[in-house]
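Q:
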Amino acid sequence: MPAIHVFDETIQYDVIESDDATEPRIDVDIHGVRIILPAGSEIEAETVADENAQWILDKWREYETHRQRAPARSFEEGEAFPYLGDERRLSIETADRARITPTTFVLPATAVDERGIKDVLEELYRREAREYFQARIDHYAAEMDVDPGRLELRNQRTRWASCSVQRTLSFNWRLVMAPPDVIDYVVIHELAHLRERNHTRRFWQLVRQYDPDYEQHVEWLKENSVRLIFTEEDL
Numbered sequence: 001m002p003a004i005h006v007f008d009e010t011i012q013y014d015v016i017e018s019d020d021a022t023e024p025r026i027d028v029d030i031h032g033v034r035i036i037l038p039a040g041s042e043i044e045a046e047t048v049a050d051e052n053a054q055w056i057l058d059k060w061r062e063y064e065t066h067r068q069r070a071p072a073r074s075f076e077e078g079e080a081f082p083y084l085g086d087e088r089r090l091s092i093e094t095a096d097r098a099r100i101t102p103t104t105f106v107l108p109a110t111a112v113d114e115r116g117i118k119d120v121l122e123e124l125y126r127r128e129a130r131e132y133f134q135a136r137i138d139h140y141a142a143e144m145d146v147d148p149g150r151l152e153l154r155n156q157r158t159r160w161a162s163c164s165v166q167r168t169l170s171f172n173w174r175l176v177m178a179p180p181d182v183i184d185y186v187v188i189h190e191l192a193h194l195r196e197r198n199h200t201r202r203f204w205q206l207v208r209q210y211d212p213d214y215e216q217h218v219e220w221l222k223e224n225s226v227r228l229i230f231t232e233e234d235l
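Residues 1 to 235 in UniProt numbering are what the sequence shown lists, from first letter to last.
(1) Who are glutamine 12's beta bridge partners in DSSP?
(2) From valine 28 to threonine 94, what distance separates their C-alpha atoms?
(3) How about alanine 109 and tryptophan 173: do their beta carbons lie closer than 8 Å?
(4) Residues in the same chain with beta-carbon distance under 8 Å from serine 18, minus the five sequence neighbours each way, listed in chain order, please.
(5) Alanine 3: which of Glu23, Val33, Ile16 sits nearest, CA to CA?
(6) Leaving out five residues on either side along the sequence, give the residues of the same chain with a beta carbon under 8 Å from the beta carbon of glutamine 166.
(7) Give the secondary structure of threonine 158 by DSSP, where H, G and I count as helix, E and B as strand, and everything else as coil.
(8) Unbroken beta strand (DSSP E) runs of length 3 or more, entirely within the segment 3-81: which are they?
(9) May I ask which residues mark the beginning and end of the alpha helix (DSSP H) holding valine 218?
(10) Does DSSP put leucine 228 in a helix, in a strand, or in coil?
(11) For isoleucine 92, is the classification buried or exposed, using 16 other Cβ atoms within 10 angstroms of its Cβ as the cut-off for buried?
(12) Say whether the segment 6-13 touches the segment 187-202, bearing in mind that this needs 3 or more beta-carbon pairs closer than 8 Å, one atom from each stretch.
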């Protein structure tokens, strides 16, 4: 993996060629540094990195601070996990089915004994995420007059959602940990791709039409995505 050396820091970065990119750009988040080049570009990633070394260093240090805020997960009764922006405590009870209340994640004792807290909790998250995301997709698809395909749940490390050319919407199930307005932004963003495939000016105008505060929601995800991890493997 290529790297730049700035003062006493060595920062590795990925190089990505994109048909969507019209000019080189640098993305920095808690997952690292990526230099995105237009497909077929003769511009060298090393040149882009060297010309923006100080900016990369500043952003990299900023996100290193964010990474230090990553919650330690022990998967024990009483531990707090986020759901729709609010913290809820794990409660193991005699119950027929896992469920979420305004204050707790209720996990059936028998299921926990058989499979462990982590697996039962993830299953509950995924079930609730599918139901919640589908409802928001249906709501905004009607407003935006678009026809999305099926919904898939994944656990990507570097993105929250995507929209395929077959109109399949893939959402990271951990997004259900975020506040509702942030989730709505991601839904609107992906549905907008059914009208505008690339991130053109018209695309962002469409997003703004349905989420006037989308820039705040983008920033929230950049600053708080580390809070939405389930295990350390999500970093």
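C-beta atoms are modelled at their ideal positions from N, C-alpha and C, and glycine is treated no differently.
The structure presented is a predicted model; accordingly, all values stated were derived computationally and were not measured.
A: According to the structure data:
(1) According to DSSP, which records beta bridges pairwise, glutamine 12 is partnered with Ala3.
(2) CA-to-CA, the gap between valine 28 and threonine 94 works out to about 45 Å.
(3) Cβ distance not < 8 Å, so alanine 109 and tryptophan 173 don't count as in contact.
(4) Cβ neighbours of serine 18 beyond the five flanking positions: Ile36, Leu37, Pro38, Ala39.
(5) The shortest C-alpha separation from alanine 3 is found at Val33.
(6) So the qualifying residues of the chain are Gly149.
(7) Looking at threonine 158 - three-state DSSP - the assignment turns out to be coil, as it is neither helix nor strand.
(8) If we require 3 residues or more, the beta strand (DSSP E) runs fully inside the segment 3-81 come out as 3-6, 9-18, 25-29, 32-38.
(9) In the DSSP assignment, valine 218 falls within the alpha helix (DSSP H) that extends over 214-224.
(10) In the structure shown, leucine 228 sits in a helix (DSSP, three-state: H, G or I).
(11) Answer is buried; the Cβ neighbour count reaches 16.
(12) Too few Cβ pairs lie closer than 8 Å, so no.
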